[in-house]
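In our numbering, the protein residues as written are 56 to 147. Even glycine gets a Cβ: it sits at the ideal position worked out from N, Cα and C. Worksheet for the structure shown next.
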Amino acid sequence: MLFESAADAYGDKVIGVILTGANEDGARGAATIKERGGFVIAQDPNTAEAPSMPQAAIAKARVDRVLPLENIGPFLVELCRGPQGQWTQRKK
């Protein structure tokens, strides 16, 4: 429900991150974020302690990136303030 509420409230300004988890509840929220024009990152299931949640998101939503856990933080930083400010420029 968190992702769905954020997508409804903030639309294309939302970045969702799906991490390790033992169920599939994040997949529906990830799909809602994508429907509203947001950006979704899923943890690479091979690096997840419990891969069910990122696997479900990858299968059910058009995730924008699948990244190993250690690369997600640096990618978010670059996405938000990168050389061209690709996320912030996109949202102006």
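Exposure of residue i, with buried meaning 16 or more beta-carbon neighbours within 10 Å
i, result
"G128", "exposed"
"P123", "exposed"
"A105", "exposed"
"M108", "buried"
"A77", "exposed"
Cβ-Cβ distance between residue i and residue j below 7 angstroms
i, j, result
"G92", "D67", "yes"
"A103", "T75", "yes"
"A82", "V95", "no"
"A112", "I73", "yes"
Residues that residue i bridges to, as DSSP identifies them
i, result
"F94", "I70"
"V121", "A97"
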